[in-house]
Amino acid sequence: EHRSLAAVTHGLRFLVREMREKNIEPDGKLLWAMLYYIDTFPQDPEVGRIVFLLAESRFEAEEYAAAIEAYEQAAYQYSNNARGADAGYTALLAYEEQIKRVPAEQKDNWQQLKIDSELRFAKQYPQDKRAVVVQAHAADELFERKDYPAAIAAASVVMQWQPAAEQRLQRSSALIMSGDTSGLGQE
Numbered sequence: 020e021h022r023s024l025a026a027v028t029h030g031l032r033f034l035v036r037e038m039r040e041k042n043i044e045p046d047g048k049l050l051w052a053m054l055y056y057i058d059t060f061p062q063d064p065e066v067g068r069i070v071f072l073l074a075e076s077r078f079e080a081e082e083y084a085a086a087i088e089a090y091e092q093a094a095y096q097y098s099n100n101a102r103g104a105d106a107g108y109t110a111l112l113a114y115e116e117q118i119k120r121v122p123a124e125q126k127d128n129w130q131q132l133k134i135d136s137e138l139r140f141a142k143q144y145p146q147d148k149r150a151v152v153v154q155a156h157a158a159d160e161l162f163e164r165k166d167y168p169a170a171i172a173a174a175s176v177v178m179q180w181q182p183a184a185e186q187r188l189q190r191s192s193a194l195i196m197s198g199d200t201s202g203l204g205q206e
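For what it's worth, this note's numbering labels the leading residue of the sequence shown as 20, then goes sequentially.
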């Protein structure tokens, strides 16, 4: 089983590197074999790392919806994944790319999914240096969407963050909580 895992991991690393260097499409058979391994041995401690590499290959292939799914699986389903925080954050980057590419009528839904993912990232990985910035961004986005109760809840988390958030994040969150939109560029 461990030899199979090593082969899958090596193959996926090779695939991602080759895609980056040569700007080529992924090998469908190799991806299928990796997915089969992940499905067959979901409890293997290395599966989180394999899923992360799979997500990387999807991102490189500009298959952003599939990349998001794999990154979020690596970040939240495999708690022992050393790259969990990176997976969660990179999912947010994949959301940005997906939002740029979807038809206008789908943008709002994808934007809400991104906000939900931001909140999940900040809650799951509060020790990550990016977490408080992500939380504050979610609060701003919720406020912009006029979801005031959710925006205030998200902003209050920023205000209580330890160690304390940067002054600019605290200011923005305080304005959201006060309902004062003048400092946020809102009318």
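For glycine and all other residues, C-beta sits at the position ideal for the given N, C-alpha and C.
When you compare only the Cα positions, how much space is there between residue i and residue j?
| i | j | result |
| --- | --- | --- |
| proline 168 | lysine 48 | 47 Å |
| methionine 196 | asparagine 128 | 25 Å |
| glutamate 82 | alanine 93 | 16 Å |
| aspartate 135 | glutamine 189 | 21 Å |
| leucine 72 | leucine 112 | 16 Å |
| alanine 174 | leucine 132 | 18 Å |
| valine 152 | glutamate 163 | 16 Å |
| phenylalanine 78 | glutamine 181 | 33 Å |
| leucine 138 | glutamine 154 | 6 Å |
| phenylalanine 140 | tyrosine 90 | 11 Å |
| isoleucine 87 | lysine 142 | 18 Å |
| isoleucine 171 | alanine 184 | 16 Å |
| alanine 85 | valine 177 | 30 Å |
| tyrosine 95 | serine 76 | 19 Å |
| alanine 101 | tyrosine 114 | 22 Å |
| valine 121 | glutamine 130 | 11 Å |
| lysine 126 | lysine 165 | 16 Å |
Starting from residue i, trace the alpha helix (DSSP H) in both directions and tell me its first and last residue.
| i | result |
| --- | --- |
| valine 66 | 66–79 |
| proline 168 | 167–178 |
| glutamine 181 | Glutamine 181 -> no alpha helix (DSSP H), and no H or E assigned at all. |
| aspartate 147 | It is not in any alpha helix (DSSP H) - aspartate 147 carries neither H nor E in the DSSP assignment. |
Indicate the three-state DSSP secondary structure (helix, strand or coil) for residue i in the structure shown.
| i | result |
| --- | --- |
| alanine 85 | helix |
| glycine 198 | coil |
| valine 113 | Per the sequence shown, the amino acid found at residue 113 is alanine instead of valine. The answer is helix: DSSP assigns alanine 113 an H, G or I state. |
| glutamate 185 | coil |
| glutamine 92 | helix |
| arginine 190 | helix |
| alanine 155 | helix |
| tyrosine 108 | helix |
(Q) Using 8 Å as the cut-off, can you tell me whether the stretch 146–158 makes contact with the stretch 105–124, which would need three or more C-beta pairs spanning the two stretches below that distance? (A) yes
Q: Note down, one range per segment and in chain order, each alpha helix (DSSP H) of at least 4 residues found wholly within the stretch 121–145.
A: If we require 4 residues or more, the alpha helix (DSSP H) runs fully inside the stretch 121–145 come out as 123–143.
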